[in-house]
Each structure stands twice: as structure tokens, then as C-alpha cells.
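Structure first, then comments.
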Amino acid sequence: MKSLTFCFDHPVAVKVFFNCISDPGIKHEIQFLRSSEDGSLVIPAEDIPEGAWKVMLEWTYEGRDFCMERNFEVPSVGKEIKFS
353 MKSLTFCFDH
363 PVAVKVFFNC
373 ISDPGIKHEI
383 QFLRSSEDGS
393 LVIPAEDIPE
403 GAWKVMLEWT
413 YEGRDFCMER
423 NFEVPSVGKE
433 IKFS
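For the sequence shown, this note's numbering begins at 353 and goes up steadily by one.
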């Protein structure tokens, strides 16, 4: 299963946005996810087409807003997702 994994110092509830860098015409649904109690967050990426992508996470913790962006590539079938 293709997925993106992030580790936080605390549990989080995040809003996840995906933007296709290689083809801006491709749209992907916004996801609302919760990490485990130890702060591990696994984002399913099975239905994301191959290409270059940007994932953006937004969350609030102790009254402060946070945002994180990471670029990654979904390769052809059978290969691992790579962050850049």
C-alpha cells in the first residue's frame, strides 16, 4: 500500500491537501485525518496518480495554527514514493 508517514511529538488532527505539480489540472480531495496517540500519521496514497506532488498539512495545537509542505513523487507501479 502506498502511503505517506509523518511523526509528530503529540497527537494531531490534520487537514491534508494534495496538489499535482506535474499536472495542475489533476485535482485530489481534501482529507481530514487523525494521528495515533503517539503522533504517527499515515496518509493513504493508493489513489494518487504517478507524478510530482506537493502535500500540505494544516493543524492547530494548543491554540496555534501550523502548516507543513513536502514535495514527493509517485513513481510508476511497484516503486516507492520518494520525498524531495
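Positions of the beta carbon are idealized from the N, C-alpha and C atoms, including for glycine.
DSSP links glutamate 410 through a beta bridge to Lys367 and Cys419. A Cβ-Cβ distance of about 4 Å is found for the pair alanine 397 and lysine 354, placing them in contact under the 8 Å criterion.
In the three-state reduction of the DSSP assignment, alanine 404 falls in the strand class. For the set Asp375, Asn371, Glu410 and Val394, the Cα lying nearest the Cα of methionine 420 is the one of Glu410. Valine 394 counts as exposed, since fewer than 16 other C-beta atoms from the protein chains shown sit within 10 angstroms of its C-beta.
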